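Residue numbers (the UniProt record's numbering): 1 to 66. Quick reminder that beta carbons are idealized off the backbone N, C-alpha and C, glycines included. No experiment lies behind these values; they were computed from the predicted model shown. Here's the structure, in structure tokens; my notes come after.
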């Protein structure tokens, strides 16, 4: 009788592990990280040479106040 409980516990544990692996696999296959870049690219990625030479407006305003 005790062997049946250990067997049932083992089967339920394996079922839990399989379900977790399946959910992780489903999420990984559904999420495409490259979509975020094509849908909403970062401003630095579009024109890096333009953005690197300009000072942010906050710094310019702070310098003007001094």
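{"Asked": "Alpha carbon of residue 25 to alpha carbon of residue 19, nearest angstrom", "Found": "10 angstroms"}
{"Asked": "DSSP three-state assignment for residue 41, whether helix, strand or coil", "Found": "coil"}
{"Asked": "Contact set for residue 3: own chain, Cβ-Cβ below 6 angstroms, skip 5 residues either direction", "Found": "none"}
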